[in-house]
Structure formats: C-alpha cells, structure tokens
Amino acid sequence: KMFVAGALAGAISRTATAPVDRTRMLMQTHVGERMTLTQAYKVMASEMKQSNVGVAAFFKGNLANCLKIAPETAIKLTMYDSLKTHVLDWRRRQQQLAYESHVASIQHTSPAYTLTMTPQNVTPPTDTAVSLYAHERLVLGAVSGAVGQLTVYPLEMLRTRIAVAPAGMYEGVSHALFSVAQREGVGALYRGVGASMLGILPYAGVDLMIFEGLKKRMLTAYDTPPPGLNFVSGMVASCVAQFVAYPFALVRTRLQKQGMIEGDTTRYRGIVDCFSQTVRNEGILGLYKGLLPNVLKLAPAAGI
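If you use my numbering, the sequence shown corresponds to residues 476 to 779, in order.
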C-alpha cells in the first residue's frame, strides 16, 4: 500500500509541476542567448493556440515522466534493501569473528573462561549495534539510484524529446519511441545516460551531507525539534545539491535532444565536448540555464 501510495503521490506531484519542468527543459536546450521564464511560457502558450492540444501543451512529456515512477522506485528500493542486507550481514559476521577471536585470546590466558561465558569488559555483538554509516548510505543510495535510472532511462529520454519537440512532431510516448528507434537507432534512447550517471553521486553526496548536518545542528539548538524540521532541512539540502549537480542535468538534456531535428548545426561529440561548447559559447552560467524553474518546483513537489 505504501508503494502504491508513493507512486500515486509521485505522479500527482510531477503532474502538478509539469509546466515548470517543461519550462526548465526548454531553457536548458535553448542554445545561444539566454531564454527567460516569460519566453519559455510564451512558447507553450503559442503551441496551445496554434494546435488542437489546448492546455496539454504545458504538460508535454509528463506521461513518460509518470510512467517511469513505479518501476524506477521499485528497482531502487529493492536494490537498496538487498545491498543494505548484504553489507549489514557482512559486518555482523566480522563483529562476531572479532568477538570470538577476542574471547579466544582471553581464554588462552585465562582457561577458566569459555565461549559460553562473557569475560569482563567484552560486549557481545548485537543487531542493534549494527547500522549503516553515512558514507555507506551515500554509496548504496547512489548505486541503487543509478540502477533505477539506467533501467527506465529510455522513458527519461522520451520525456525530454516530447517536451522540447516542435508541436505535432510526436503524437505520444509510443509514437516517439518508435520514431526515435527507427530514425536514429535504439542506441539513441540512451543519449545522455553517462551525464545522468555522473550527476548522481555529487547530488546524493551533497544532499545527504547538508541534510544530516542541518538536522544535527537543529536538534542540538532546540530541546524539542521544531515542526517541519525534516521538510526545511530537505529543501535546503536539495537546493544546494541541485546547484552542484545541475550542469550534468543540462548536459544530459542537451545530448537527449541532439539528433531530433535534421540539419541542426549544434552537435556534441560527448559529455566533455558538450561542457566545453556550452562554456565557450554561453559562459559558465550557460551550464545553469533553467536552474530557477528547477528550484521553484522543489517546494510544491515536496509538499504534495
């Protein structure tokens, strides 16, 4: 029930913030002079007037985004739980071996003790003493997130394509899937996956570090944790993490769009070339195009 509720809540939050998210993708893929929020919304409003889709123009790509929630979440949680179990089981075995070795050394010097007796100053290992360290949660979370993203990445790519495509180019998710695969090859469905994977670790690392740090400071400063502590800490942590990892998201989106329009003169040979061209032609701030709408959607998405 919790999984279904989580998937449903995720779909609702992504749908509610879909217009802002599409704005972000339009701004990211606009090469050259910076596109403003107003200009991005004018693009969507123009599509709404010129085509028969109406207000759906603001939600292009949202279906593909919602379709990947359930499988991605299921894979991520299953992978995390499995890795966590293996790590904790390994540590329990190590603690038990260390305990038995210590007892054996004491038994050697004091034959009166046996393994069924607990010598003084020797504490047997317990399940409650075994938990993941912060760096282990970071690594396991990053690996689980990477596997989840990798599995559903074609849907992520299709979401971007549908969102930034000219009106009428794609009639839906299935049409976009077959169109991309037929015209550009199946490999095109994984364009930008490298940038996506590279962005996971810095995002997860900064997010966890800031969240745990703020939470610890707040708990130290107040006898009773203030209401909304986790929400505020999570929001601040997400904003900082977004800023650190955002250039990877921009590069991913630009690589995903590449090849969509025949004759497009903007070509990237890979992740490094995309970074290089963006900084050379648009400045360092070019790597942060679309950051504002990305941050603006955090609060409503988290609240929902």
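In this text, a Cβ means the ideal position worked out from N, Cα and C, and glycines have one as well.
About 5 Å separates the Cβ atoms of Gln503 and Leu725, confirming a contact at the 8 Å cut-off. Nearest neighbour of Cys714 by Cα position, chosen from Arg727, Gly680, Glu646 and Lys691, turns out to be Gly680. Look at Ala638 here: in three-state DSSP terms it is helix. Straight-line measurement puts the Cα of Ala480 at about 43 Å from the Cα of Gln752. By the neighbour-count definition (other C-beta atoms within 10 Å, threshold 16), Val530 is an exposed residue.
Between Cys541 and Arg489, the beta carbon gap of about 6 Å places them in contact (Cβ cut-off 8 Å).
Contact between Arg568 and Pro768 is ruled out by a C-beta separation of about 49 Å, above the 8 Å threshold.
When Cβ pairs closer than 8 Å are counted between the two stretches, the stretch 673 to 693 is seen to touch the stretch 611 to 628, the count reaching three or more.
Assigned with DSSP and collapsed to three states, Asn769 falls in helix. Going by C-alpha positions, Glu757 is about 6 Å away from Gly507. Distance from the CA atom of Ala515 to the CA atom of Ser521, rounded to whole angstroms, is 10 Å. Per DSSP, the continuous alpha helix (DSSP H) segment holding Met502 begins and ends at Ala493 to Thr504. Taking 8 Å as the cut-off, the beta carbon of Arg666 is found closer than this to the beta carbon of Gln731. Nearest to Glu547 by alpha-carbon distance, out of Ser619, Arg658 and Tyr608, is Ser619. Linking Lys559 to Glu575 through their CA atoms gives a straight-line distance of about 24 Å. Three or more Cβ pairs closer than 8 Å define a contact, and the stretch 682 to 692 meets that threshold against the stretch 700 to 710.
Restricting attention to Val770, Ala720, Val655 and Val668, the CA atom closest to the CA of Val711 is found in Val770. For the 8 Å CB-CB criterion, Thr635 and Thr728 form a contact.
One Cα belongs to Met735, the other to Gly761, and the distance between them is close to 21 Å.
Between Leu607 and Val562, the C-beta gap is smaller than 8 Å, which places the two residues in contact. Annotation note: the stretch 694 to 763 contains the following uninterrupted alpha helix (DSSP H) runs of length 4 or greater, listed N- to C-terminal: 704 to 732 and 746 to 757. Distance from the CA atom of Met632 to the CA atom of Asp698, rounded to whole angstroms, is 47 Å. Closest in C-alpha terms to Ala670, from the list Ala545, Asp564, Pro494 and Tyr628, comes Tyr628.
Look at Tyr608 here: in three-state DSSP terms it is coil, with no helix or strand label. In this structure, Ala621 and Met693 do not form a Cβ contact; the two beta carbons are roughly 30 Å apart against a cut-off of 8 Å.
Taking the CA atoms as reference points, Lys517 sits about 32 Å from Val747. Look at Glu646 here: in three-state DSSP terms it is coil, with no helix or strand label. Residue state for Gly660 is assigned as coil, using DSSP reduced to three classes.
When secondary structure is reduced to three states using DSSP, Met672 falls in the helix class. For Val528, no alpha helix (DSSP H) segment is defined, and its DSSP state is neither H nor E. Its Cα nearest to that of Gly643, the residue Met523 stands out among Met523, Thr492, Leu483 and Gly765. Going by beta carbons, Lys764 and Thr492 fall outside the 8 Å limit. Excluding sequence positions up to five before and after Leu501, its CB lies within less than 7 Å of the CB of Met510, Ala515, Val518 and Val639, all in the same chain and listed in chain order.
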